[in-house]
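**Student:** What follows is a structure written as structure tokens; I'll ask about it next.
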Amino acid sequence: MSLYPFQRTAFKNLCTKLRNSDSTLVCMPTGTGKTHVFSHACEKAKGRTLVLAHREELVHQAAAKIRLAGVVPEIEMGLYKATADDSPWPSARCVVASVQSLNAKYGGFGGKKRMHKFMDGFSLLVIDEAHHAASPSYQKVIDWMRRNNSNLKVIGFTATPDRMDELRLPFDNVAYNYDLPTAISDGYLVPIEQKTVYINSLDFNEVELSRANGDF
0 MSLYPFQRTA FKNLCTKLRN SDSTLVCMPT GTGKTHVFSH ACEKAKGRTL
50 VLAHREELVH QAAAKIRLAG VVPEIEMGLY KATADDSPWP SARCVVASVQ
100 SLNAKYGGFG GKKRMHKFMD GFSLLVIDEA HHAASPSYQK VIDWMRRNNS
150 NLKVIGFTAT PDRMDELRLP FDNVAYNYDL PTAISDGYLV PIEQKTVYIN
200 SLDFNEVELS RANGDF
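Structure, rendered in structure tokens:
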């Protein structure tokens with residue numbers, strides 16, 4: 000899988016950051032190929048890789064791109080079951096999982112969660128839409144994976160690194176930040192065109208506002 004120059008820079012930078020830190024963040028706008036970059040990382044990783052996402056379509060999208068990079072992944076989500084580490088069958092080099100499934104109960108194993116089926120340790124954890132990584136469900140997965148491999152490296156990918164609740168994202172540093180205006184000026188994204196539509200008949204007086212941020 001070939002990468003655009005800015006994607007190669009992102010990959011080179013994250014490799015450099017991970018030499019001296021446990022985790023790093025890559026910020027790239029939607030449409031600039033975050034999945035291509037972390038698929039390349041999965042292909043180059045020396046050990047096993049776990050890719051974590053929060054929506055079904057993102058899990059399948061990641062698995063498809065990783066397959067194009069030359070790695071055959073397994074999926075842990077809903078009815079999809081990746082090979083357990085205590086299975087007599089070889090464990091997959093790459094597992095793509097939903098965070099909800101990994102935090103769900105692992106049927107018939109005394110209240111254990113599905114993440115507990117992975118015991119031998121991953122060397123690399125990739126978090127798609129990494130602005131969600133500050134939430135407890137993600138932290139439980141990260142803690143479990145680190146418990147099984149103290150040398151685990153974590154890479155987060157996001158287009159929106161700022162959270163409305165202002166919680167700090169759990170990454171040591173930022174490896175690469177490719178902003179939207181630069182992506183447009185470089186010709187990788189089309190210019191934004193905006194059109195405002197006024198509808199005078201709409202009345203928002205009875206619509207509640209969030210106390211946290213003032214949004215509807």
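Mapping to numbering that gives the first Met the number 0: the sequence shown position 131 is 130, numbers consecutive. All residues carry an ideal CB built from backbone N, CA and C; glycine is no exception. Just so you know, these numbers come straight off a predicted model, no measurement behind them.
Can you have a look at Met0 and say buried or exposed, based on whether 16 or more other CB atoms are within 10 angstroms of its CB?
**Tutor:** exposed
**Student:** Using the Cα positions of Asn12 and Tyr175, report the straight-line distance between them to the nearest angstrom.
**Tutor:** 7 angstroms
**Student:** When you compare only the Cα positions, how much space is there between Leu188 and Met144?
**Tutor:** 36 angstroms
**Student:** Taking all protein chains shown into account, decide if Met114 is buried (16 or more other Cβ within 10 angstroms of its Cβ) or exposed.
**Tutor:** buried
**Student:** For Ile154 versus Ala40, is the C-beta spacing smaller than 8 angstroms?
**Tutor:** yes
**Student:** Which residue's Cα is closest to the Cα of Phe117: Glu128, Tyr105, Asp127, Ile126?
**Tutor:** Tyr105
**Student:** Put Ile198 into one of helix, strand or coil per three-state DSSP.
**Tutor:** The three-state reading of DSSP puts Ile198 in coil, since its state is none of H, G, I, E or B.
**Student:** Just to confirm before moving on: does the CB-CB distance between Ala52 and Asp142 stay below 8 angstroms?
**Tutor:** no
**Student:** Considering Tyr217, what are the terminal residues of the alpha helix (DSSP H) in which it resides?
**Tutor:** Since the displayed the chain opens at 0 and closes at 215, residue 217 lies outside it and no answer follows.
**Student:** Measuring CA to CA, which of Gly69, Leu101, Ala103, Lys111 is closest to Arg92?
**Tutor:** Gly69
**Student:** Judging by CA-CA distance, which residue of Asn148, Gly120, Arg167, Glu75 is the nearest neighbour of Pro135?
**Tutor:** Arg167
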